[in-house]
Amino acid sequence: MSNKQLFKKILVPVDGSHSCLHAKMLAASIAKKFKSKVTVVHVASHEFMHPELKAQYQLPHSILHKVDEAYLQAGKKIIRNAEEMFREAGITVDSKLVTHEDPAEFLLELIKSEKYCLVVIGNRAESQSERYSLGSVTEKVARHSECPVLIVKQKPKVEKILTAVDGSKYANKALEYAVELTKSYSANLALLHVEEDKLVRIGGPQVMDCLGTVGECILKDASTKVQGVKFDKMLEYGSPAEIIIKVAKKADVDIIVVGSRGLSSVRRYLLGSVSDDISMHARSSVLIVR
Ligand SMILES: Nc1ncnc2c1ncn2[C@@H]1O[C@H](COP(=O)(O)OP(=O)(O)OP(=O)(O)O)[C@@H](O)[C@H]1O
Ligand SMILES: [Mg+2]
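Put into structure tokens, the structure is as follows:
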């Protein structure tokens, strides 16, 4: 697949929040590099649109109508601002404004029906106190989306990219995306593999050598898939998600790229525990590739 195909159609859910501003800026930057088409979407919903609550509180129709109208007007403004930003950057943009829908449900359906290649979304609506955790819509989209999701958590800079490899086909696909971004942004790329240290704790230091050999093999194999860019390789020991988050923080990484799944044969969850943990707790923005 050529690099333009990877990011051909980008969906940017917007809600007028601060984190959404960063998401819009990063989406614009990627769209410019990859000549992507962008759709901005806003779901104007409030709790009283829910049929259960409507029935429970029996609010007069005139009040509900006014609330609806206020949300709709706010939504129009949010969409207008977003469209303007993309247009000014010379990007082809269209928009969707919908009401009376569950935001996550609607976005997931849209991603599927319109076959988006990438969703660029802010990490949460408001609260600065939990800057690095995820809002519920973002969490649902990250878990269930059929296409890759880029969760934007900080300023839209793409200078340092870290991709976490575990030898799985999912991580290899993630690596493909990381390489394309690295090329387009002339960024620094690092490949990180973490060997779980559980065995070392049980089996003692001699186990360490064996793990090291396995880790080197995984990194070597991943390296053969990187062409046309320089990169660093890192092998660490410990709990994978914890170490990946720590390394990314220390190196001030802009985007961590992971596969949605890894080596585990358990298919109960849509997102593996490592990618789930990273998307929740890393400071860096996170691209989950599927
Ligand atoms: N040990 C590791 N070192 C580096 N990256 C890893 C490691 N384990 C997972 N990853 C990264 O996280 C992604 C998701 O893997 P994850 O382990 O979360 O899923 P899983 O193996 O399917 O599920 P789980 O391990 O939770 O049972 C991988 O594609 C890879 O990018
Ligand atoms: Mg795993």
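Residues 2 to 291 in the numbering used here are what the sequence shown lists, from first letter to last. The beta-carbon is built from N, C-alpha and C at its ideal position, and this holds for glycine as well.
Open item on the list: Report the CB separation of residue 168 from residue 264 in whole angstroms; it is logged as a contact under 8 Å.
Closed with: Indeed, because the Cβ distance is near 6 Å, the residues count as touching under 8 Å.
Open item on the list: Can you list, in chain order, the residues of its chain with a C-beta nearer than 8 Å to that of residue 174? Leave out the 5 residues immediately preceding and following it.
Closed with: Only 260, 290 and 291 meet the Cβ criterion.
Task: Limits of the unbroken alpha helix (DSSP H) element including residue 35 - done: Where residue 35 is concerned, the enclosing alpha helix (DSSP H) stretches over 19 to 35.
TODO: Name the residue from 118, 117 and 26 whose alpha carbon lies nearest to the alpha carbon of residue 83.
DONE: The candidate whose alpha carbon is nearest that of residue 83 is 26.
- [ ] Give the secondary structure of residue 164 by DSSP, where H, G and I count as helix, E and B as strand, and everything else as coil.
- [x] Three-state DSSP puts residue 164 in a strand.
- [ ] Just the C-alpha distance for residue 102 and residue 43, rounded to the nearest angstrom, thanks.
- [x] When rounded, the distance between both Cα atoms is 10 Å.
Open item on the list: Please state whether the Cβ-Cβ distance between residue 161 and residue 189 is less than 7 Å.
Closed with: For residue 161 and residue 189, yes; Cβs fall inside 7 Å.
Open item on the list: So the candidates are 34, 24 and 10; which of them puts its Cα closest to the Cα of residue 187?
Closed with: Nearest option by C-alpha distance: 34.
Task: Distance CB(residue 125)-CB(residue 109) smaller than 7 Å - done: In this structure, residue 109 does not lie closer than 7 Å to residue 125 by Cβ.
TODO: Using the Cα positions of residue 180 and residue 231, report the straight-line distance between them to the nearest angstrom.
DONE: Distance between the alpha carbons of residue 180 and residue 231: 10 Å.
Open item on the list: Quick check: the Cα distance between residue 41 and residue 182, rounded to an integer number of angstroms?
Closed with: For residue 41 and residue 182, the distance between alpha carbons rounds to 22 Å.
- [ ] Could you check what DSSP says for residue 185 in three-state terms: helix, strand or coil?
- [x] Under the three-state reduction of DSSP output, residue 185 falls in the helix class.
Task: DSSP state of residue 241 mapped onto helix, strand, coil - done: Residue state, collapsed to three classes: helix.
Task: Bridge-paired residues (DSSP) for residue 12 - done: Residue pairing of residue 12 in beta bridges, as defined by DSSP: 40 and 120.
Task: 3-residue-minimum beta strand (DSSP E) runs that sit fully inside the segment 171 to 230, ordered along the chain - done: For the segment 171 to 230, whole beta strand (DSSP E) runs of length 3 or above, ordered along the chain, are 189 to 196.
Task: residue 222 versus 192, 238 and 242, residue with shortest Cα-Cα distance - done: For residue 222, the closest of 192, 238 and 242 by C-alpha to C-alpha distance is 192.
Task: residue 17 to residue 200 span [Cα, whole Å] - done: Rounded to whole angstroms, residue 17 and residue 200 show a C-alpha spacing of 47 Å.
- [ ] Count the other C-beta atoms from every protein chain shown that fall within 10 angstroms of the C-beta of residue 67, then say buried if there are 16 or more, exposed otherwise.
- [x] So residue 67 counts as exposed.
Task: Reference residue 8; option with closest CA among 39, 251 and 21 - done: Ranking 39, 251 and 21 by Cα distance to residue 8 puts 39 first.
TODO: Could you tell me whether the segment 106 to 122 touches the segment 50 to 59, where touching means 3 or more Cβ pairs closer than 8 Å?
DONE: Judged by Cβ distances under 8 Å, the segment 106 to 122 makes no contact with the segment 50 to 59, as fewer than three pairs qualify.
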